[in-house]
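Chains as they are written, first to last, in the working numbering: chain S, 1376 to 1787; chain A, 2 to 374.
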């Protein structure tokens, strides 16, 4: 594929971190280029053709995004990214309806920007219920039903987890929310373009989308806001009144166009891509399992997007493994928090032991991943894990049948 | 490609500089999340850090003081919210992203030339002991009038107030010296200086209080969550470097204004007696409403505007001009002409010719008719 030549140069490591960010599809860049150059107008300029041309680009993009999720284009507003969309959806709804309802339900495995926003609202006097998840990473629907009350204004549950790729039962969650009269917001940054989403069928009232997770540009995202029945928000960014007053600021036309094009490509290629990625993922897992005992996949393997694996390699020190596999760009968890050495709170929420959480890798496959790259990555992982285990006294003990948890470590 | 167009609406948005586009395309092709620890992530981080230095250099700030945002509007909003002062004093000619950022703000009047009244500011600050935030823009987006920011800072700091300055229209056109001005917060926008839309920065003086309003992944040293718009930031960095020279178009502006006033002596340049940006002319053509002018000039292949782009869809009278005491009828005739990095002298000559045609055809005859009536 010609695109790969443009995406990856020979000296670059193999990119297996598609949940952190995706390379931009060259077709997206191509669609954006005119809007960087001769179609550079401000879409807010209504008095001349540069402005109209830009507005046309923005509106086409809006409808491309809407189609991806079964929405009407009037329900899509552009933001600077999923973090902003999540902040706006949660704070905006909470703020607007606070006199009537002041309770929010979310889960402990949400992205940090959802959790931080909820914590902030707690300080403002809102009640927040943080639902646990089951061992497979999915929310327990009965627990959810019990948590939603007539004071609940919003249920915010992510569509797909950024670390373990599991897909929450959106339609069921939507149904519960609708029955209870609570709005349903879903952070679909990792889901849009990868799995079929339909705001109508799933009763979704608000949905956050990110450009750079779907082979589009960074710095752009969208928030779907349902019009019927109408969801109202207090805006976070105010000023020129763009985006129907929900989000002021000059629209970055090329970025909007890029998001639109990225959405359209995803929609067209989603089915074939899912089959291809599932095959690659299975190939990787099979390859690793064949050579490495005691590796564990975190999170449900079936209800999961095709392009994600999250594996704990028992008795290997995570940092050493990361240092070893220099030719692979993978991560030990979410990119935002990857500079910290804390074990992933998502894995901890699944009940993964701290040691096992420490040895986990998030492996993200995507549009430009090839079979050859998967095979190279498997060989590299097998080589380094085996080497590190050979040096590990813990591995030796476990092979001798000693239960490591039974050891009482002497303090010194 | 509409090569026949003459674009004189740079205060709405400026075309992207080719070197900025090159940097962006490269960044877009390489990709990477700057928070990722691996090599691709570190490359992206290096791009962001380098751009941060270039943006800091544009305004003489430290790079650690630069917080990238999604644009000037977000920068203004988050400065006003983040300073943590409930009492806010803002000038009457601020951009809507300041004026609407909060409710219950004290609006400081401006004088006839568009400059904020320092005496009023001083008295208003003295009226209460509650710590305040003062927000005054560097240069006005409609008239180009420059505010005496250093004086505003002196008065405000003496009263214990913090100062925010919206420098979106100033930076890259005239020198902006963050340290020299002494402001606590300063807003920038990339697309007003030939960078891409969708990127801006809030410069927060080291030591100034700042509570972010957007929470999440802890990017930008915990001052602005969200994956960085790496390519946009890279483009901003390059544009900032190229824009450091500023615009040397004051002579062209003076030539333009002299020519227009010669055509229509009753025309009026707003803020003429004040120090202004070298690229902006706001002029009322007697007897001709601004929409008529904008449409006629567009047909002649010239892009200008009748005020700020954000609100130019709705035809409303300019709040900026009304605040300067301009009569509503005259405000409705005001046209904004703004040059940029790729404007050439021919563009200005074309505008003068088209303006003359229009005035002779419509304006003059209207006045004649009005006099006859």
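Don't be surprised by glycine CBs; every beta carbon is placed ideally from N, CA and C.
As the structure is a prediction and not an experimental result, all values here were calculated from the model.
- Can you find a CB in chain A that lies within less than 9 Å of the CB of residue 1718 of chain S? no
- Query: Hey, residue 126 of chain A and residue 100 of chain A are a contact pair by Cβ (cut 8 Å); roughly how many whole angstroms apart?
  - Reply: Rounded, the Cβ-Cβ distance is 19 Å, inconsistent with contact.
- Applying a beta-carbon distance threshold of less than 7 Å, which residues of chain A neighbour residue 1456 of chain S? 227, 228
- Item | Same chain, Cβ closer than 7 Å to residue 76 of chain A, five either side skipped, listed in chain order | 70, 188, 189, 201, 202, 203.
- Message: Less than 9 Å between CB atoms is the rule here; does residue 1487 of chain S satisfy it with respect to chain A?
- Response: Judged by the 9 Å Cβ criterion, residue 1487 of chain S is in contact with chain A.
- Assumed close pair residue 1620 of chain S, residue 98 of chain A - CB separation to whole angstroms, cut-off 8 Å: Not quite, the Cβ-Cβ distance comes to about 13 Å (not below 8 Å), so this is no contact.
- Any C-beta of chain S sitting closer than 9 Å to the C-beta of residue 197 of chain A? yes
- Message: Checking the sheet assignment: what are the DSSP bridge partners for residue 337 of chain A?
- Response: A/283, A/306
- Extent of the continuous alpha helix (DSSP H) run through residue 1458 of chain S: 1457-1472
- Query: Should residue 1759 of chain S go down as buried or exposed, given a rule of 16 or more other Cβ atoms within 10 Å for buried?
  - Reply: buried
- Message: Distance cutoff 9 Å, beta carbons only. Does residue 1688 of chain S sit that close to anything in chain A?
- Response: Residue 1688 of chain S has a beta carbon lying at 9 Å or more from every beta carbon in chain A.
- Where residue 1624 of chain S meets chain A, residues with beta-carbon distance less than 7 Å: 71, 72, 74, 75
- Message: I'd like to know whether the C-beta of residue 13 of chain A is nearer than 9 Å to at least one C-beta of chain S.
- Response: yes
- Burial state of residue 345 of chain A (16 or more Cβ within 10 Å): exposed
- Take residue 1505 of chain S and list the residues in its own chain whose beta-carbon comes closer than 7 Å to its own, dropping the five residues that flank it on each side. Answer for residue 1505 of chain S: 1481, 1482, 1483, listed in chain order.
- Task: Name, in chain order, the residues that DSSP records as bridge partners for residue 1481 of chain S.
- Result: Partner(s): S/1505, S/1531.
- By Cβ distance, which residues of its chain are closer than 6 Å to residue 95 of chain A, with the 5 residues on each side in sequence left out? 138
- Query: Who does residue 1600 of chain S pair with in a DSSP beta bridge?
  - Reply: S/1581
- With a CB to CB cut of under 6 Å and the five nearest residues on each side skipped, what residues in its chain are close to residue 241 of chain A? 55, 56, 59
- Task: Using a Cβ-Cβ cut-off of less than 8 Å, give me the residues of the segment 1593-1626 of chain S that come near chain A, in sequence order.
- Result: Correct list: 1593, 1594, 1595, 1611, 1612, 1613, 1614, 1615, 1616, 1617, 1623, 1624, 1625, 1626.
- Rounded straight-line distance, which links the Cα of residue 1624 of chain S to that of residue 1768 of chain S: 58 Å
- Message: If I measure Cβ to Cβ from residue 1420 of chain S and keep anything under 6 Å in the same chain, skipping five residues before and after, which residues do I get?
- Response: 1426
- Message: I want to know whether the segment 1683-1697 of chain S touches the segment 1599-1607 of chain S - three or more CB-CB distances under 8 Å.
- Response: no
- Rounded straight-line distance, which links the Cα of residue 1478 of chain S to that of residue 1706 of chain S: Cα to Cα, residue 1706 of chain S sits roughly 35 Å from residue 1478 of chain S.
- Within the same chain, show all residues whose beta-carbon is closer than 8 Å to that of residue 334 of chain A, passing over the 5 residues directly before and after it, in chain order. 285, 286, 287, 288, 289, 290, 291, 294
- Item | Rounded straight-line distance, which links the Cα of residue 1612 of chain S to that of residue 1597 of chain S | 14 Å
- Message: If we define contact as Cβ-Cβ less than 9 Å, is residue 1461 of chain S a contact residue for chain A?
- Response: The beta carbon of residue 1461 of chain S sits closer than 9 Å to some beta carbon of chain A.
- Can you tell which of S/1396, S/1390, S/1781 has its C-alpha closest to the C-alpha of residue 1587 of chain S? S/1396
- Is residue 238 of chain A closer than 9 Å to residue 15 of chain A when the C-beta atoms are compared? no
- Express the C-alpha separation of residue 1764 of chain S and residue 1751 of chain S in angstroms, rounding to a whole number. 20 Å
- Per-residue contacts from residue 8 of chain A into chain S (C-beta, under 7 Å): Correct list: 1425.
- Message: Suppose the cutoff is 8 Å on Cβ atoms and the five residues either side in sequence are ignored; what does the same chain contact list for residue 357 of chain A look like?
- Response: 264
- Counting pairs of Cβ atoms below 8 Å between the segment 1664-1676 of chain S and the segment 1580-1594 of chain S, do you hit three or more? no
- Just tell me which of A/133, A/338, A/275, A/230 has its CA closest to the CA of residue 88 of chain A. When each option's Cα is compared against that of residue 88 of chain A, the closest is A/133.
- Using a threshold of 9 Å, state whether the C-beta atoms of residue 1548 of chain S and residue 1530 of chain S are closer than that. yes
- Which residues in the same chain as residue 1766 of chain S place their Cβ atom closer than 7 Å to its Cβ, once the five residues preceding and following it in sequence are excluded? none
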